[in-house]
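S.K.: After the structure tokens below, expect a handful of questions from me.
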Amino acid sequence: MIGAILTLVAAQAAVASVPAAERPMVVIEERATIRREPPPHGAIGMSTAYRISDGVDGRTMEFRKRILHRGAAIGVHRIDHDEVYYVLSGTGEVTSGGERRTLTPGMTAYLYSGATVGIRQTGGKSLSLIISYPLAKPVAAK
Numbered sequence: 001m002i003g004a005i006l007t008l009v010a011a012q013a014a015v016a017s018v019p020a021a022e023r024p025m026v027v028i029e030e031r032a033t034i035r036r037e038p039p040p041h042g043a044i045g046m047s048t049a050y051r052i053s054d055g056v057d058g059r060t061m062e063f064r065k066r067i068l069h070r071g072a073a074i075g076v077h078r079i080d081h082d083e084v085y086y087v088l089s090g091t092g093e094v095t096s097g098g099e100r101r102t103l104t105p106g107m108t109a110y111l112y113s114g115a116t117v118g119i120r121q122t123g124g125k126s127l128s129l130i131i132s133y134p135l136a137k138p139v140a141a142k
């Protein structure tokens, strides 16, 4: 894991001074990004977070994997950007603007800017999902 992190840091240092259109891709191993933490927006239960895009300088979006363990939830909150939840495994209930829908593997919730949204784990298995959204401004290169 340390090797993967050092590789990412070295790659980021090499591209920091190159214009965005000329930067090489960044390859990230998810195991180098894992954290066990309460979910955002209320700290309801416990989750495993893969903060996959966090180490990418100059990025304009977030790309994350989160596993909501039994009873966990990303609490209801207002978003100021479009956001996508894609379910890898488990069952969850997504809320947007007061509407609730069940999501199962292979389903996606596309959530619109200005909506009040959240998602909670339901069923017998942890809910594993990919979450992606644009940033208000690019992350500065280090």
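Quick note on numbering: the sequence shown equals residues 1 to 142 in UniProt numbering.
Virtual Cβ for every residue (Gly too), placed ideally from N, Cα, C.
Pair every Cβ in the stretch 133–140 with every Cβ in the stretch 58–67, then say whether three or more of these pairs are closer than 8 angstroms.
M.R.: With a cut-off of 8 angstroms, the stretch 58–67 and the stretch 133–140 count as touching, because enough Cβ pairs lie within range.
S.K.: Distance, Cα to Cα, SER53 vs TYR112?
M.R.: Residue 53 sits at position 53 when you count from the first residue of the sequence shown. Residue 112 sits at position 112 when you count from the first residue of the sequence shown. Their Cα atoms are separated by approximately 21 angstroms.
S.K.: Which residue wins for smallest C-alpha separation from GLY124, given the options VAL117, GLY118, GLY71 and ASP80?
M.R.: Taking the sequence shown and counting its residues from 1, the one referred to as residue 124 is at position 124. That would be GLY71, whose Cα lies nearest to the Cα of GLY124.
S.K.: Among VAL27, ILE34 and TYR85, which one has its Cα closest to the Cα of ALA109?
M.R.: Along the sequence shown, read from residue 1 onward, the residue named residue 109 stands at position 109. Ranking the options by Cα distance to ALA109, first place goes to TYR85.
S.K.: Cα separation between GLY75 and GLY92?
M.R.: Here residue 75 is taken as the residue at index 75 of the sequence shown, counted from 1. Here residue 92 is taken as the residue at index 92 of the sequence shown, counted from 1. Cα-Cα distance, rounded: 13 angstroms.
S.K.: Using 10 angstroms around the beta-carbon of ALA43, count the other beta-carbons present and answer buried if the total reaches 16, otherwise exposed.
M.R.: The count along the sequence shown starts at 1 and reaches residue 43 at position 43. It counts as exposed.
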